[in-house]
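Following: one structure in structure tokens, then a few remarks.
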Amino acid sequence: VTDPHVKQAYIRSDNAGCYHSAETILSIPQISKNTGITITRMDFSDPQGGKAACDRFAAVIKYHIRRYLRAIARKPRPITAEWPSIDVLETFPK
1 VTDPHVKQAY IRSDNAGCYH SAETILSIPQ ISKNTGITIT RMDFSDPQGG KAACDRFAAV
61 IKYHIRRYLR AIARKPRPIT AEWPSIDVLE TFPK
């Protein structure tokens with residue numbers, strides 16, 4: 001962390017096997033010592049639990065990208081530097 005104002009942090013894990021291992025938990029004091037940031041808490045959540053809303057939104061965007069690519073395959077057009085994301089997001093229903 002490069003922000004000198006950060007003095008403490010929480011660790012949030014998705015409860016995958018490697019993140020609730022003894023080595024990870026036992027390394028917290030050393031991480032705090034090396035970084036100067038006190039780790040005050042470690043939370044475990046359901047796997048993928050914290051990203052459900054983002055995953056749903058990403059799935060909708062991926063659908064629109066696939067739909068867009070199928071449409072331009074039928075009607076070729078010039079490819080811009082931002083292609084296809086800008087065009088896809090402009091057609092994304094609000």
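In UniProt numbering, the protein residues as written are 1 to 94. Just so you know, even glycine gets a beta-carbon here, dropped at the ideal spot from N, CA and C. All values derive from a computational prediction rather than experimental measurement.
{"Item": "What's the C-alpha gap between TYR68 and VAL6?", "Value": "43 Å"}
{"Item": "Measure the CB-CB distance between ILE42 and ARG12 and report whether it falls below 9 Å.", "Value": "Just to set this straight, residue 42 is Met in the shown sequence, not Ile. Yes, the Cβ-Cβ distance between MET42 and ARG12 is below 9 Å."}
{"Item": "Nearest by alpha-carbon distance to ASP3: which of GLN30, SER32, ILE37, LYS62 is it?", "Value": "ILE37"}
{"Item": "Rounded to a whole number of angstroms, what is the C-alpha to C-alpha distance between ARG56 and ARG74?", "Value": "28 Å"}
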